[in-house]
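Enquirer: Let me give you the structure first, and then I'll get to my questions.
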Amino acid sequence: MQSNFYFISNFSNIYKKPSSKSEVTSQIIYGEKFKILSKNKNWIKIKTSFDNYKGFIRNSKYIEKFSPNYKVSSLKAKIFKKPGVGTNSWLPLASKLSVFEQKSNYVKIEKNKWIKKKDIKKLNHKDKNFIKIFKKFVNVKYIWGGKTFRGIDCSALLQIFFFIITHFIQEIRKIRSNIQKRIQKKENLKKEILFFGKVMLQCV
2 MQSNFYFISN
12 FSNIYKKPSS
22 KSEVTSQIIY
32 GEKFKILSKN
42 KNWIKIKTSF
52 DNYKGFIRNS
62 KYIEKFSPNY
72 KVSSLKAKIF
82 KKPGVGTNSW
92 LPLASKLSVF
102 EQKSNYVKIE
112 KNKWIKKKDI
122 KKLNHKDKNF
132 IKIFKKFVNV
142 KYIWGGKTFR
152 GIDCSALLQI
162 FFFIITHFIQ
172 EIRKIRSNIQ
182 KRIQKKENLK
192 KEILFFGKVM
202 LQCV
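To convert, note that position 33 of the sequence shown is 34 in the numbering used here; the numbers rise steadily by one, no gaps.
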C-alpha cells in the first residue's frame, strides 16, 4: 500500500493517532503528495512525500492521478462555485493545482471549484524574493503543527518556504551538477595529458 496519492481537500490536520483528539503533528494541503501506510474505514496512516511526516488523516478526499501545473501564491485563495459566486472556503499558500479551464479572471480546478487567476502562479515559477514569502505570515497566529493562513509554527514556516522554492533549488542543483561535471572533465583531461607526457618522455 505504498502508491502515491494526492490530497484534494483544502487542508487537514495530521494526527499522531487515529483520533481528532490526538496531538496534531503537522498539516497536509491541497495537491500534496503522500503514501498510504495503512488504512481502515475512517482513518488512513500516511507519510508525506515532501517532508516525510507520518500520521493519520480522515479516509477521504484523495486521488491517485493528479497532474498539477499551478500553485497558490497568495496566503489564501478564495474558492468559488463558479466565476463571481464565492464560498466560505479557501486554499492555503503553496497548494498545488491542476488547472484545466480558464474564464475571465478565474481558473477551474475541479467541478464547481474556481479560484481567481491573481492568486496563482505557474508551478515552476521562481520567486527569488524570499523575504516576501515570510512577510505573508506576519499577522498569522502561532499554532503547533499548523502551516496555513489559520495558524503556523516555526518549522512549518521554513517548510512552506522550501516547498515554494523547490523548483528554484532544483535548478541551482542542476547548475552545480553541471559545473562539477565540467571540473571533473578538466581534471580527467589534465590526468590524460600528464600520462601522455610521461609516456612520451619514456620513449625519448
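Backbone N, C-alpha and C fix where the C-beta goes; we use that ideal spot for every residue, glycine too.
#1: Just to check my reading of the structure: F57 and P19 have Cβ atoms closer than 8 Å, yes? What is that Cβ distance to the nearest angstrom?
#2: For N113, which residues in the same chain have their Cβ closer than 6 Å to its Cβ, ignoring the five residues on either side in sequence?
#3: On the three-state DSSP scale, how would you describe K109?
#4: Please state whether DSSP places S90 in a helix, a strand or coil.
#5: Would you kindly check if the distance between the Cβ of I30 and the Cβ of F12 is under 8 Å?
#6: Within 10 angstroms of its Cβ, does D120 collect 16 or more other Cβ (buried), or is it exposed?
#7: For E102, which residues in the same chain have their Cβ closer than 6 Å to its Cβ, ignoring the five residues on either side in sequence?
#8: For C155 and Y143, what's the separation of their Cα atoms in angstroms?
#9: Is it buried or exposed, F197, if we count other Cβ atoms within 10 angstroms and call 16 or more buried?
#10: So I144 is in the beta strand (DSSP E); what residue range does that whole segment cover?
#11: Which one or two residues does DSSP pair with Y16 in a beta bridge?
#12: Whose C-alpha, out of E65, S21, W115, is nearest the C-alpha of A78?
#13: Judging by CA-CA distance, which residue of V139, L159, Y107 is the nearest neighbour of R151?
#14: Does the Cβ-Cβ distance between Q28 and K123 come in under 8 Å?
#15: Name the two residues that bound the continuous alpha helix (DSSP H) containing I132.
#16: Using a Cβ-Cβ cut-off of 6 Å (strictly less than) and excluding sequence neighbours within five positions of N14, which residues of its own chain qualify?
Expert: Concretely, from the data shown:
#1: 4 Å
#2: K82
#3: strand
#4: strand
#5: yes
#6: buried
#7: K109
#8: 8 Å
#9: Caution is warranted here: a pLDDT of 47 is assigned to F197, below 50, making its placement in the model unreliable, and the coordinate value is therefore given only provisionally. By the neighbour-count rule (16 or more Cβ atoms within 10 Å), F197 is not buried but exposed.
#10: I144 -> no beta strand (DSSP E), and no H or E assigned at all.
#11: V25, F57
#12: W115
#13: V139
#14: no
#15: 131 to 136
#16: V25, Q28
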